[in-house]
Amino acid sequence: MAGNSNLETKQVLLASEAELYIEELKTYSLKEIGSPKWMSQHEYIEKLNMQAIISASSQADEFIKELLITLEKIPVLIHELLAVELWKDKVFLKILESGYNPSTTLPIYFVLFHEATVISLLETILYHKEACEAAGDSILDLADYCLRRISLLIAQHDEVSSNGELTDSSDDLSSIEEVKKQDKTIFFTVCVKSVSILRYITDSLSSLPLSVMTRLLNTHNTPVVLVQLVENPPWIKRDKGKLIKFIDNAWKEISERERLQLSKTEGQVWLAIHQLLMNEDCQRKYEFNSYSKEQILKLRGFMNEVLLDQIPSLIDLQRYLEQLSIMEPPAIKKDIILEQVPEIREKLLKDNQGKWERFAKYQKKAYFSPSAEDIKKQAKMWADTYNLDMLEELVSEPPKCASCGLPATKRCSRCQTEWYCKRECQVKQWSKHKPACNLVVKSKT
Numbered sequence: 017m018a019g020n021s022n023l024e025t026k027q028v029l030l031a032s033e034a035e036l037y038i039e040e041l042k043t044y045s046l047k048e049i050g051s052p053k054w055m056s057q058h059e060y061i062e063k064l065n066m067q068a069i070i071s072a073s074s075q076a077d078e079f080i081k082e083l084l085i086t087l088e089k090i091p092v093l094i095h096e097l098l099a100v101e102l103w104k105d106k107v108f109l110k111i112l113e114s115g116y117n118p119s120t121t122l123p124i125y126f127v128l129f130h131e132a133t134v135i136s137l138l139e140t141i142l143y144h145k146e147a148c149e150a151a152g153d154s155i156l157d158l159a160d161y162c163l164r165r166i167s168l169l170i171a172q173h174d175e176v177s178s179n180g181e182l183t184d185s186s187d188d189l190s191s192i193e194e195v196k197k198q199d200k201t202i203f204f205t206v207c208v209k210s211v212s213i214l215r216y217i218t219d220s221l222s223s224l225p226l227s228v229m230t231r232l233l234n235t236h237n238t239p240v241v242l243v244q245l246v247e248n249p250p251w252i253k254r255d256k257g258k259l260i261k262f263i264d265n266a267w268k269e270i271s272e273r274e275r276l277q278l279s280k281t282e283g284q285v286w287l288a289i290h291q292l293l294m295n296e297d298c299q300r301k302y303e304f305n306s307y308s309k310e311q312i313l314k315l316r317g318f319m320n321e322v323l324l325d326q327i328p329s330l331i332d333l334q335r336y337l338e339q340l341s342i343m344e345p346p347a348i349k350k351d352i353i354l355e356q357v358p359e360i361r362e363k364l365l366k367d368n369q370g371k372w373e374r375f376a377k378y379q380k381k382a383y384f385s386p387s388a389e390d391i392k393k394q395a396k397m398w399a400d401t402y403n404l405d406m407l408e409e410l411v412s413e414p415p416k417c418a419s420c421g422l423p424a425t426k427r428c429s430r431c432q433t434e435w436y437c438k439r440e441c442q443v444k445q446w447s448k449h450k451p452a453c454n455l456v457v458k459s460k461t
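Per this note's numbering, residue 17 is the first one in the sequence shown, and the count goes up by one each step.
Laid out in structure tokens, this is it:
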């Protein structure tokens with residue numbers, strides 16, 4: 017196809033370049049996060065992520081996925097994902113508490129953004145069952161990670177629903193307040209991608225270690241967790257009669273005509289529920305109790321013709337729920353077997369216990385307080401990585417507003433890379449766009 021041949025000429029990476037990058041991927045200690053070598057690897061992963069998305073969206077040869085499988089680097093990506101998650105929990109907070117006030121927040125922003133980069137790459141490749149299988153035992157850690165992120169999203173969403181919007185909407189934020197706001201945006205994106213990955217894992221259960229199924233069903237009671245996402249979806253907001261959904265990494269106003277149409281994330285939740293409740297192996301393994309039954313039966317209130325028309329396979333689930341409503345939860349025979357447990361996070365915790373304060377102090381000085389010359393070098397490097405002009409050529413659609421998703425005719429006057437439909441959207445998007453905007457502007461000076 018003409019479109020695909022055009023995409024092939026506009027690749028971020030050639031297969032030979034990608035192979036060199038992937039061969040170099042390695043695990044880093046928490047102390048090294050933010051170091052020049054770590055930043056170089058982040059740059060590699062960002063380019064691999066861009067290319068993987070381009071290949072998948074253009075239905076071209078997905079050589080990034082194949083190379084990651086062949087070179088056995090998927091466990092490395094999962095380790096790096098869990099490492100930055102733990103760094104955020106233990107080190108990042110201590111850096112903020114120390115009175116950190118840098119001249120630029122770019123270095124620490126890229127560390128925060130690393131979680132989104134890695135999980136985006138994993139989301140693209142784990143769509144394929146062979147990639148899930150190639151994760152090996154680390155798939156246990158990834159499943160646990162996804163449930164941690166989803167559970168935290170549910171808890172924070174409940175807090176927002178009770179207390180109103182928690183994020184500061186002011187445009188006059190200090191650099192640290194801005195970093196915190198950006199972190200919340202990144203966190204939300206990461207959680208949504210965790211839902212997709214969880215669904216891909218449930219699709220591959222038959223070819224994964226049995227412990228994955230056991231942990232999803234009985235350690236985390238994932239079906240009940242997913243019911244909470246159906247009941248109170250964090251990716252839907254209502255404002256003055258308008259329906260707004262989080263779609264393709266941005267909040268978008270939904271027209272009247274599209275209100276009943278499922279988003280990708282909503283579909284992923286339902287498909288994961290279907291797999292966990294209707295798979296015969298899962299039914300034999302799930303330690304059902306009266307509480308789980310009560311929660312799962314809540315799904316009946318959401319199963320209407322509009323939903324079933326969009327996902328016809330849910331008709332079987334609807335019948336199952338009707339049967340469940342008149343049955344007692346089945347008794348499960350517990351087999352005495354040795355179960356694998358996730359190891360990556362536990363090892364990271366054990367190896368670094370009591371060192372968080374020391375890491376924060378060291379990294380703040382060594383990596384997150386760069387000189388003016390270092391800032392300029394980093395800006396040039398990242399402007400090259402995020403080659404926005406080239407990426408723009410890959411998109412055949414007319415530009416869309418970065419804030420609301422409507423067709424856009426105006427660009428950011430500073431960097432000329434982000435599009436808006438009106439001034440109000442530009443103001444609303446500024447705190448999110450500012451780091452990338454500064455990066456591009458600095459690279460040109």
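The beta-carbon is built from N, C-alpha and C at its ideal position, and this holds for glycine as well.
In the DSSP annotation of this structure, the continuous segment of the beta strand (DSSP E) that includes ARG254 starts and ends at 252–255.
Unbroken alpha helix (DSSP H) runs of no fewer than 4 residues, entirely contained in the stretch 195–271, are found at 226–230 and 238–247, following chain order. Here LYS450 carries a helix assignment [DSSP, helix/strand/coil]. Ranking TYR44, MET294 and GLU82 by CA distance to the CA of SER32 puts GLU82 first. Straight-line measurement puts the Cα of VAL443 at about 48 Å from the Cα of SER223. Counting the other CB atoms within 10 Å of its CB gives MET66 a total of 16 or more, which places it among the buried residues. Going by beta carbons, ALA76 and LEU137 fall outside the 8 Å limit. Taking the Cβ atoms as the reference, SER385 lies roughly 5 Å from PRO118, within the contact range of under 8 Å. The C-alpha of LYS314 lies about 24 Å from the C-alpha of ILE213. Separation of ARG374 and LYS268 (C-alpha to C-alpha, rounded to the nearest whole angstrom) is 42 Å. Contact between the stretch 258–265 and the stretch 333–343 is absent: fewer than 3 CB-CB pairs across the two stretches fall below 8 Å. Excluding its 5 nearest sequence neighbours in each direction, VAL322 has C-beta neighbours in its own chain below 7 Å: LEU276, listed in chain order. For ILE360, the uninterrupted alpha helix (DSSP H) segment begins and ends at 360–368.
THR235 and TYR307 have their C-alpha atoms spaced approximately 15 Å apart. Nearest C-alpha to ALA395 among TYR125, LYS110 and ILE360: TYR125. For LEU292, the CB contacts under 8 Å within the same chain, skipping 5 residues up- and downstream, are THR218, LEU232, LEU233, THR238, PRO239, LEU242, CYS298 and TYR302 in chain order. Put simply, of ASP390, LEU168 and HIS144 the residue whose alpha carbon is nearest the alpha carbon of PRO123 is ASP390. When rounded, the separation of the alpha-carbon atoms in GLU296 and LEU221 is 11 Å.
Taking each of GLU48, LYS209, GLU62 and TRP103 in turn and checking the Cα distance to LEU29, the smallest one comes out for GLU62. In this structure, HIS173 and PRO250 form a Cβ contact; the two beta carbons are roughly 4 Å apart against a cut-off of 8 Å.
Under the three-state reduction of DSSP output, LYS426 falls in the strand class. In summary, VAL107 is buried, with 16 or more beta-carbon neighbours lying within 10 Å of its beta-carbon over all protein chains present. Here VAL195 is near THR121, since their CB atoms are less than 8 Å apart. DSSP places VAL322 inside the alpha helix (DSSP H), whose first and last residues are 321–326. Secondary structure of TYR307 (DSSP, three-state): helix.
Around the Cβ of ASN320, a 10 Å sphere holds fewer than 16 other Cβ atoms; the residue is exposed. In this structure, DSSP gives TYR436 an extended state, which the three-state scheme calls strand.
The straight-line gap separating the alpha-carbon atoms of GLN57 and PHE204 is approximately 24 Å.
In the structure shown, the three-state DSSP call for GLU344 is coil. Excluding sequence positions up to five before and after ILE289, its CB lies within less than 8 Å of the CB of PRO239, LEU242, VAL243, VAL246, LEU315 and LEU333, all in the same chain and listed in chain order. A residue is called buried when at least 16 other Cβ atoms come within 10 angstroms of its Cβ; LEU109 does not meet this threshold and is exposed.
Secondary structure note for PHE126: its alpha helix (DSSP H) is the uninterrupted segment 122–141. By the criterion of a C-beta distance shorter than 7 Å, CYS162 is surrounded in its chain by SER210, ILE213 and LEU214, once the five residues flanking it on both sides are discounted. Nearest Cα to SER447 within the set LEU84, GLN198 and LYS258: GLN198. In the assembly as shown, ILE331 is an exposed residue. Its beta-carbon has fewer than 16 other beta-carbons within 10 Å.
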